Amino acid sequence: MANLVLLASLSLIILTTITVLPLHANAISSCNGPCSSLNDCSGQLICIKGKCNDDPDVGTHIWKEQPSICSPPVSSSTSAILTLNDFSKNGDGGAESQCDEKFHDNTERVVALSTGWYDGGSRCFKMIRITAKNGRSVTAKVVDQCDSVNGCDKEHAFQKPCDNNIVDGSQAVWDALGLDTDIGRVPVTWSMA
Numbered sequence: 060m061a062n063l064v065l066l067a068s069l070s071l072i073i074l075t076t077i078t079v080l081p082l083h084a085n086a087i088s089s090c091n092g093p094c095s096s097l098n099d100c101s102g103q104l105i106c107i108k109g110k111c112n113d114d115p116d117v118g119t120h121i122w123k124e125q126p127s128i129c130s131p132p133v134s135s136s137t138s139a140i141l142t143l144n145d146f147s148k149n150g151d152g153g154a155e156s157q158c159d160e161k162f163h164d165n166t167e168r169v170v171a172l173s174t175g176w177y178d179g180g181s182r183c184f185k186m187i188r189i190t191a192k193n194g195r196s197v198t199a200k201v202v203d204q205c206d207s208v209n210g211c212d213k214e215h216a217f218q219k220p221c222d223n224n225i226v227d228g229s230q231a232v233w234d235a236l237g238l239d240t241d242i243g244r245v246p247v248t249w250s251m252a
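In terms of our numbering, the sequence shown is residues 60 to 252.
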């Protein structure tokens, strides 16, 4: 009986400890945003040297291959990987685009950016310039996020998250750049247009 009372007491202590652990629901900052405490960072990020970033001990890895959600800074020539996305209904893009909750025809020059570059939708409907190694460039409109965080689209279907350096372009983008979609992943640079 004494063991049962001890076990119940320990369970209560553990549950009490768990319920007072800090929650990240009130986070005020995301990737590379300013912070002063652990609670300032959203999601699975922690405060390192005053900026929210991946925890180097555990990372933001939901599974082994998931990359960091923080994308490299955007410059006048930001390196990225161009991937192909079908933004049309029943296409491989999944649900409607996040910026306008609409599907887009493959003849439209539209892109989805990795979560860090999508920046909470701040780049929605903005034009970016994508330049391929062959020297050709094209402008395209940002209409979606290539989710680098949770791996679920709006319908909660499991999808592998994007890397943190993806510009996910429509067929029209690939065609304008003169690239072969069978390659699948092509190094490019991009900037705000």
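Backbone N, C-alpha and C define an ideal beta-carbon position, used for all residues, glycine too. It should be emphasised that the depicted structure is a prediction, and the values quoted were computed from it without experimental measurement.
#1: Write down every uninterrupted run of the beta strand (DSSP E) in the region 145-198 whose length is 3 residues or greater and which is fully enclosed by it, in chain order.
#2: Look at residue 136 and residue 240 and say whether their C-beta atoms are less than 8 angstroms apart.
#3: With a cut-off of 8 angstroms on the beta carbons, I'd call residue 201 and residue 185 a contact; round off their distance for me.
#4: Could you tell me whether the region 172-181 touches the region 219-226, where touching means 3 or more Cβ pairs closer than 8 angstroms?
#5: Return yes when the Cβ of residue 198 is within less than 8 angstroms of the Cβ of residue 182, no when it is not.
#6: Looking at the unbroken alpha helix (DSSP H) that takes in residue 133, where does it start and where does it end?
#7: Roughly how many angstroms separate the alpha carbons of residue 106 and residue 132, rounded to a whole number?
#8: Using the three-state DSSP reduction, which class does residue 238 fall into: helix, strand or coil?
#9: Give me the residue from 232, 244, 171 and 156 with the minimum Cα distance to residue 195.
#10: Quick one: using the 10 Å Cβ neighbour count with 16 as the cut-off for buried, is residue 139 buried or exposed?
In short:
#1: Taken in chain order, the whole beta strand (DSSP E) runs of length 3 or more contained in the region 145-198 are 169-173 and 186-191.
#2: Their beta carbons are not under 8 angstroms apart, which means residue 136 does not touch residue 240 by this criterion.
#3: Right, their Cβ atoms sit about 5 angstroms apart.
#4: Counting Cβ pairs under 8 angstroms, three or more are found: they touch.
#5: With contacts defined by Cβ atoms closer than 8 angstroms, residue 182 and residue 198 do not form a contacting pair.
#6: Counting along the chain, residue 133 falls outside any alpha helix (DSSP H), and DSSP gives it neither H nor E.
#7: Distance between the alpha carbons of residue 106 and residue 132: 18 angstroms.
#8: The answer is coil: DSSP assigns residue 238 none of H, G, I, E or B.
#9: Among 232, 244, 171 and 156, the Cα nearest to that of residue 195 is on 232.
#10: Buried, since its Cβ has 16 or more Cβ neighbours within 10 Å.
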